[in-house]
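Below is one structure; the comments refer to it alone.
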């Protein structure tokens, strides 16, 4: 897990300046004590340089977070050569994974072309250095390695070896102990209940489990335990373990209707007669002790890296999602047998007018019947209706896979029928300039007022301007909800002022420029605007007609969260002011953050 978190942080880093400092620090530790950082936007292919006087060797370092590491490597090597920099060895550090054959080919190319000896530290090699040789370096770069990730990692290390909550009970408390154990298991804790061991074999087995696999031990205190020699003996063993764990191994559980006067020097929980309330008290204590859970991976890691302890309050909150529910789909899939294979131009035309999937050269599947013109062009021989609920495969393909693909293609076709254009370069569906009045969508805001949002605008970039287009992205989700869900996301297509799209690395920097000050409220207003545009019936998006109709509820799904984030303490002063400024800028107004909206040109 430590390796995974380290790799994740390196793959997802966004602060390149901090990455440069990290790489230089790492290389100094790795045997280049006289390294001089250079970097900057005009480094001429050099991020750092090292000169070994005794051996008269000049080493140049180049760092990269670009996915196409080979292009970056060759570009840096070419710059070093063209600027006639002295270089005996080129050391290249990248957050990409480098295959051995590519390493060998690049090493040969650099040597043959420029005469440099090449060494590459890819993400796997960086990971090994950080984890095995210099683990403390992560604490020096919190912008790269989230400190909360490091805390979670420590808990994972504990969990990998000792993860169980061991509940020790006397026979009188068996029902109670089993109930506690089952409840903790349902909450994804690793819980196991043990009766007080009596025979030497049982004692040895329990002792071994406590020593090797137990994270926290919970003895259940009872009236009879003081007179139970076996219980006293196991408590003595547990207490010895507790000393080696700095008094963090035992958590006593005492039912309030018990009168035990045993001297308990460790944590004690008084369990009330209301077992459900007592369970919550116990779970709170387990959380304070960082007890491992089976579901700590994924959502919890992401959540707690953002929401720190003390910032969550026990209050229900409504959350506006960007999801639309698919209410109905056709009960049949139409299967068409054609006599004529369509040309490439035919397929391009069909894409906007008729969403289909062909599974054999002469067999096409679709929810909708094509227009008479298409029927004629394809020379349809016949077609049959296949019920989606009773037929599980069609020509060897699972029916639900076909349904999902037809839904996806129906959404793409719908965007085109609504007037959007498809960009083959960026693969986006965008609003053509002038299609909408003043290039903006009029919609109803969350406060119920009529307002508008621009879908085309301009930004200053460098010494000139760029143009951007707000593009809807509709994706199908069939896993997380009972019914299929359409997720409405936003992409930004960037072009020059003539509408020619940028490509490659040019896109990323320009998108960042456009979206730099788009905060939560900005994205919400644009989602609301796009939702309003896509709606073609009252609170619905209708694709097709009659029994071939796909009906999507155009209202954004409202989710109910059992907890809330206390925003007054979760945002720093800077974040709070930015959020407030964002909200004031967008309070039922056009997105004035777009300083160069098309209507102002």
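Numbering (this note's numbering), first residue to last: 1 to 601.
Ideal Cβ positions, reconstructed from N, Cα and C, are used throughout, including at glycine.
| Check | Outcome |
| --- | --- |
| Three CB pairs or more closer than 8 Å across the region 366 to 380 and the region 421 to 441 | no |
| Boundaries (first-last residue) of the beta strand (DSSP E) holding residue 421 | 421 to 423 |
| Backbone secondary structure at residue 446 - three-state DSSP | coil |
| Straight-line gap, residue 57 to residue 32 (C-alpha atoms, nearest Å) | 11 Å |
| Collapsed DSSP secondary structure at residue 252 in the structure displayed | strand |
| Endpoints, alpha helix (DSSP H) assigned at residue 413 | 399 to 417 |
| Segment limits, beta strand (DSSP E) that includes residue 471 | 464 to 477 |
| CB of residue 524 within 8 Å of CB of residue 554, strictly | no |
| Residues that DSSP places opposite residue 58 in a beta bridge | 51 |
| Where residue 301 falls: helix, strand or coil (DSSP) | Residue confidence for residue 301 is low, a pLDDT of 48 falling below 50, so the modelled location carries little weight; the figure read from the coordinates is stated next. Reduced to three states, the DSSP call for residue 301 is helix. |
| Status (buried if at least 16 other CB within 10 Å, exposed otherwise) for residue 508 | exposed |
| Any 3 or more C-beta pairs closer than 8 Å across the region 427 to 447 and the region 386 to 393 | no |
| Where residue 228 falls: helix, strand or coil (DSSP) | coil |
| Minimum length 3: unbroken beta strand (DSSP E) runs contained in the region 85 to 124 | 89 to 94, 117 to 121 |
| Beta-carbon proximity of residue 213 to residue 163, cut-off 8 Å | yes |
| Cβ pair count under 8 Å reaching 3, the region 66 to 79 against the region 95 to 113 | yes |
| Any beta strand (DSSP E) of 3 or more consecutive residues that is wholly inside the region 324 to 382 | 332 to 338, 357 to 360, 363 to 366 |
| 7 Å Cβ shell around residue 540 - same chain, five flanking residues per side excluded | 551, 552, 553, 554 |
| Residue 510 - containing alpha helix (DSSP H), residue span | 505 to 515 |
| Coarse secondary structure for residue 603, derived from DSSP in three states | Any question about residue 603 goes unanswered here, given that the chain covers just 1 to 601. |
| Neighbour-count burial assignment, residue 330, 16 or more Cβ in a 10 Å radius | buried |
| Test item: CB-CB of residue 170 and residue 228 under 8 Å | yes |
| Secondary structure of residue 291, DSSP reduced to three states | coil |
| Supposed close pair residue 115, residue 80 - CB separation, criterion 8 Å | The Cβ separation is near 11 Å, so there is no contact. |
| Short Cβ contact (8 Å threshold) for residue 558 with residue 320 | yes |
| Three-state secondary structure (DSSP) of residue 316 | coil |
| Rounded straight-line distance, which links the Cα of residue 126 to that of residue 133 | 10 Å |
| Inter-residue Cα distance where the pair is residue 29 and residue 130 | 11 Å |
| Collapsed DSSP secondary structure at residue 240 in the structure displayed | helix |
| Cβ-Cβ distance between residue 231 and residue 241 below 8 Å | no |
| Alpha-carbon to alpha-carbon, residue 489 and residue 513 | 19 Å |
| Helix, strand or coil at residue 553 [DSSP, three-state] | strand |
| Which listed residue (128, 396, 113, 92) has its alpha carbon closest to that of residue 121 | 92 |
| First through last residue of the beta strand (DSSP E) which encompasses residue 527 | Counting along the chain, residue 527 falls outside any beta strand (DSSP E), though it belongs to the alpha helix (DSSP H) covering 520 to 534. |
| Where residue 201 falls, given that 16 or more other Cβ within 10 Å makes a residue buried | exposed |
| Host alpha helix (DSSP H) of residue 212 (start-end) | 200 to 213 |
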